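Everything on this sheet refers to the single structure shown next.
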Amino acid sequence: MSIEIRGQKVLLDRDIASLYGVETKRINEAVKNNPDRFPNGYLVIIFCLI
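So the sequence shown is numbered by my numbering: it starts at 335 and just counts up by one.
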């Protein structure tokens with residue numbers, strides 16, 4: 335499921351993990367451990383303030 339943030343379609347890490355059938359932390363580890371495999375702008379950190 336994608337959402338739109340500031341006019342850009344975005345997939346959350348939990349949704350990508352669901353597509354691949356892995357835990358969310360595994361997706362985040364893959365991005366952290368292999369930054370050269372992901373294009374610039376691939377990762378955006380979103381904070382939710384309540």
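Cβ atoms here follow ideal geometry from the backbone N, Cα and C, with glycine treated the same way. From a predicted model like this one, the values you see are computed outputs, not experimental measurements.
### Query
Considering residue 339, what are the terminal residues of the alpha helix (DSSP H) in which it resides?
Segment 336 to 339 is the beta strand (DSSP E) holding residue 339; no alpha helix (DSSP H) there.
### Task
Could you name the residues that DSSP lists as bridge partners for residue 344?
Note: residue 344 sits in a beta bridge opposite 337.
### Enclosing alpha helix (DSSP H) for residue 362 [first to last residue]
It spans 358 to 367 - the alpha helix (DSSP H) in which residue 362 sits, taken as one unbroken run.
#### Entry: Cα-Cα separation between residue 375 and residue 357, rounded to whole angstroms
For residue 375 and residue 357, the distance between alpha carbons rounds to 22 angstroms.
#### Entry: Status (buried if at least 16 other CB within 10 Å, exposed otherwise) for residue 379
exposed
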